[in-house]
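In the numbering used here, the protein residues as written are 858 to 1108.
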């Protein structure tokens, strides 16, 4: 994952050739080392490193931030739940503006001697959002309470099982497809467009919300509401903005 910072004279869509934009912002891992055969960290390697740093989770970190693209996912947060109290990352592409108004300058200026871990996580979200130019920079950023991830995982598992039980029934696969098509996507192929039929990463809360509109089975409705509740309880801070170059300017 990664991000890029267009100069004031460049639009996002012209900053890098498409194949380089895809490579930097999509990729297969994070923390790419361009000086060592383009090596990178896989998520299992990150888990291994965090386990070593925290002595197997016995001394967890207060806040872990993945300042890379496409890592603000429930499954990534769940994987880090034993090693930190809070997790911050972007669900969609991550941007990297620099200078005196950059996100880290804002973050450092906002830290107080008595800043608590949840306040730090929320400050990271605010600093990232406030550092971005107002135009041509749609973004997502959130902070998650990792103590809530087991509950969210359980709710998501039960939701998936309830839907899976309908797939062999007449119309079951069609209904699931309709929910998927209607749910909010993120730009997981990094082509700077939101494509409802092909983008594979789906907003979990909105997927559950769309399921409430398409299904009538009580167990699925209850499971979808449980997912929405679990997401709401897990997310301690969130900011997002839509617009060019993404489609769906109203989202």
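Beta carbons are placed, not taken as given, at the ideal position from N, Cα and C, and that holds for glycine. None of these values were measured; they are calculated from a predicted model.
Check: Here's the rule: buried if 16 or more other CB atoms are within 10 angstroms of the residue's CB, otherwise exposed. What is residue 965?; Outcome: exposed
Check: With a cut-off of 8 Å, does the C-beta of residue 891 fall near any C-beta of chain D?; Outcome: The displayed structure is made up of one protein chain only, and chain D is not part of it.
Check: Rounding to the nearest angstrom, what Cα-Cα distance links residue 1012 and residue 957 in this structure?; Outcome: 42 Å
Check: Please identify the residue among 1079, 927, 1053, 947 whose C-alpha is closest to the C-alpha of residue 1065.; Outcome: 1079
Check: Residues in its own chain within less than 7 Å of residue 1039 by CB, not counting five upstream and five downstream?; Outcome: 1067
Check: Less than 8 Å between C-beta atoms, sequence neighbours within five positions excluded: which residues of the same chain meet that for residue 1093?; Outcome: 943, 975, 978, 979, 1000, 1001, 1002
Check: Please report the distance separating the alpha-carbon of residue 925 from that of residue 1022.; Outcome: 36 Å
Check: DSSP on residue 1055, reduced to helix/strand/coil?; Outcome: coil
Check: Consult DSSP for residue 979 and reduce its assignment to one of helix, strand or coil.; Outcome: helix
Check: By the 10 Å Cβ neighbour count, where 16 or more other Cβ atoms means buried, how is residue 949 classified, buried or exposed?; Outcome: buried
Check: So, are the CB atoms of residue 929 and residue 946 less than 8 Å apart?; Outcome: yes
Check: Assuming residue 1042 and residue 1058 form a contact by the criterion Cβ under 8 Å, report the distance between their Cβ atoms to the nearest whole angstrom.; Outcome: 6 Å
Check: Buried or exposed: where does residue 1120 fall if 16 or more other Cβ atoms within 10 Å of its Cβ makes it buried?; Outcome: Because the chain in this structure spans residues 858 to 1108, residue 1120 falls outside the shown range and cannot be described.
Check: May I ask you to report which of helix, strand or coil DSSP gives residue 887?; Outcome: strand
Check: Could you give the residue range of the alpha helix (DSSP H) that holds residue 1120?; Outcome: Only positions 858 to 1108 of the chain appear in this structure, which leaves residue 1120 out of reach.
Check: How many whole angstroms separate the CB atoms of residue 981 and residue 935, which I take to be in contact at a CB cut-off of 8 Å?; Outcome: Actually they do not touch by this definition, with Cβ atoms about 19 Å apart.
Check: Quick one: what's got a C-beta closer than 6 Å to residue 923's C-beta in the same chain, skipping five residues either side?; Outcome: 946
Check: In whole angstroms, what is the alpha-carbon distance linking residue 961 and residue 984?; Outcome: 7 Å
Check: Going straight from the alpha carbon of residue 953 to that of residue 1030, what length do you get?; Outcome: 40 Å
Check: Alpha carbons only, please: which of 1025, 987, 951 is nearest the one belonging to residue 967?; Outcome: 987
Check: Could you check the C-alpha separation between residue 919 and residue 990 for me, to the nearest Å?; Outcome: 29 Å
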